[in-house]
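> There's a structure below that I have some questions on.
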Amino acid sequence: MTPDSPINTPAKPESTVGLRVRNFLVAIVAIALTVALVLGLRTETTTASLSKLGETSIPLEVAIANGKPSLVEFYADWCTVCQKMAPDMTELEQQYADKLNFVMLNVDNTKWLPEMLKYRVDGIPHFVFLGKTGETIAQAIGDQPRIVMASNLEALVTGSSLPYAQASGQVSKFSAPVAPTASQDDPRSHGSQVVN
Numbered sequence: 038m039t040p041d042s043p044i045n046t047p048a049k050p051e052s053t054v055g056l057r058v059r060n061f062l063v064a065i066v067a068i069a070l071t072v073a074l075v076l077g078l079r080t081e082t083t084t085a086s087l088s089k090l091g092e093t094s095i096p097l098e099v100a101i102a103n104g105k106p107s108l109v110e111f112y113a114d115w116c117t118v119c120q121k122m123a124p125d126m127t128e129l130e131q132q133y134a135d136k137l138n139f140v141m142l143n144v145d146n147t148k149w150l151p152e153m154l155k156y157r158v159d160g161i162p163h164f165v166f167l168g169k170t171g172e173t174i175a176q177a178i179g180d181q182p183r184i185v186m187a188s189n190l191e192a193l194v195t196g197s198s199l200p201y202a203q204a205s206g207q208v209s210k211f212s213a214p215v216a217p218t219a220s221q222d223d224p225r226s227h228g229s230q231v232v233n
């Protein structure tokens, strides 16, 4: 064996610069993981709030028949705008629970297709303000500031004109499913055409 062989060479201690770089990288990874965890928990909480709103929602049939005005929200669990508005909607629901029905209709449930078509839902969240007898008073689409929504709800409860009727904000695009017609290619046909 030669004196330069790896077996005879004593291990060199890591330099202080190398230790500092390694410690810095460990600290950066720890910070990144902490931020990811906090954001993940925050998103989960918001989704839980949206889910809770859906679970505590008054059924549409009950809302139309109980003599109170109603706010109907078309939403989806994947809708980022709906998730963003969920905390405000939760607070508004608590504030107006005794005066107003809050109805949540998930657009991913085909049971609500007739309502989606009736109210022409093409973006979510889509809000429909219904009077005491179930008649449509106004609609709003997209992100609504809490103050705008609160003003509309207050007017709905008192029977006044909604100050921000027909409001539009940021939406998550959504298209209600439609039945294929003879003039459309059915995606399941794999290119074959229907001959009339």
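One point on numbering: in my numbering, the residue at position 16 of the sequence shown is 53, and numbering is uninterrupted.
Using N, Cα and C, we set each Cβ at its ideal position, and we do this for glycine too.
Identify the continuous alpha helix (DSSP H) that holds residue 201 and give its terminal residues.
Indexing the sequence shown from 1 puts residue 201 at position 164. Careful: residue 201 lies outside any alpha helix (DSSP H) and carries neither H nor E.
> Is it buried or exposed, residue 180, if we count other Cβ atoms within 10 angstroms and call 16 or more buried?
The residue given as residue 180 occupies position 143 in the sequence shown. Flag for residue 180 reads buried.
> By alpha-carbon positions, which one of 185, 202, 142, 187 ends up nearest to residue 93?
Within the sequence shown, residue 93 is the residue found at index 56, counting from 1. Ranking 185, 202, 142, 187 by Cα distance to residue 93 puts 142 first.
> By DSSP, does residue 160 sit in helix, in strand, or in coil?
Against the sequence shown, residue 160 aligns to sequence position 123. Strand at residue 160.
> Nearest to residue 137 by alpha carbon, out of 144, 147, 146, 126?
One-based indexing of the sequence shown puts residue 137 at position 100. Closest by alpha carbon: 126.
> Would residue 113 pass as a contact of residue 145 if the rule is Cβ separation under 7 angstroms?
As a first step, residue 113 must be located in the sequence shown, where it is residue number 76. As a first step, residue 145 must be located in the sequence shown, where it is residue number 108. Cβ atoms of residue 113 and residue 145: closer than 7 angstroms.
> Just curious, the alpha helix (DSSP H) that residue 195 is in, first and last residue?
Here residue 195 refers to the residue found at position 158 of the sequence shown. Where residue 195 is concerned, the enclosing alpha helix (DSSP H) stretches over 183-195.
> Quick check on residue 173: does DSSP put it in helix, strand or coil?
Walking along the sequence shown from the start, residue 173 turns up at place 136. The answer is strand: DSSP assigns residue 173 an E or B state.
> With distance defined between alpha-carbon atoms, name the residue in 187, 53, 111, 120 nearest to residue 129.
Locating residue 129 in the sequence shown gives position 92, counting from the first residue. Nearest of 187, 53, 111, 120 to residue 129, Cα basis: 187.
> Looking at C-alpha atoms only, which residue of 108, 56, 73, 63 is the closest neighbour of residue 162?
The residue labelled residue 162 in the question sits at position 125 within the sequence shown. Minimum Cα distance to residue 162 is reached at 108.
> Between which two residues does the beta strand (DSSP E) carrying residue 108 extend?
Sequence index remark: in the sequence shown, residue 108 carries index 71 (1-based). Segment 107-112, the beta strand (DSSP E) holding residue 108.
> Less than 7 angstroms between the beta carbons of residue 119 and residue 87, yes or no?
On the sequence shown, residue 119 is found 82 positions in, with the first residue counted as 1. On the sequence shown, residue 87 is found 50 positions in, with the first residue counted as 1. Contact flag set, yes.
> If we ignore side chains and look at the alpha-carbon of each, how far apart do residue 174 and residue 199 end up?
Taking the first residue of the sequence shown as 1, we reach residue 174 at position 137. Taking the first residue of the sequence shown as 1, we reach residue 199 at position 162. If I take the Cα positions, the gap works out to 8 angstroms.
> I believe residue 178 touches residue 160 by the beta-carbon criterion, under 8 angstroms. Please report the beta-carbon distance rounded to the nearest angstrom.
In the sequence shown, the residue the question calls residue 178 occupies position 141. In the sequence shown, the residue the question calls residue 160 occupies position 123. With a Cβ gap of about 5 angstroms, residue 178 and residue 160 count as contacting.
> In this structure, does DSSP put residue 95 in helix, strand or coil?
Locating residue 95 in the sequence shown gives position 58, where the first residue counts as 1. DSSP places residue 95 in coil when its eight states are reduced to three.
> What does DSSP give as the partner residues of residue 103 in its beta bridges?
Mapped onto the sequence shown, residue 103 falls at position 66. Partner(s): none; residue 103 has no beta bridge.
> Quick one: what does DSSP say residue 235 is sitting in, helix, strand or coil?
Outside the shown range of the chain, which is 38 to 233, sits residue 235, and nothing can be said about it.
> Under three-state DSSP, which class holds residue 137?
Stepping through the sequence shown from its first residue, residue 137 is reached at position 100. Here residue 137 sits in coil by DSSP.
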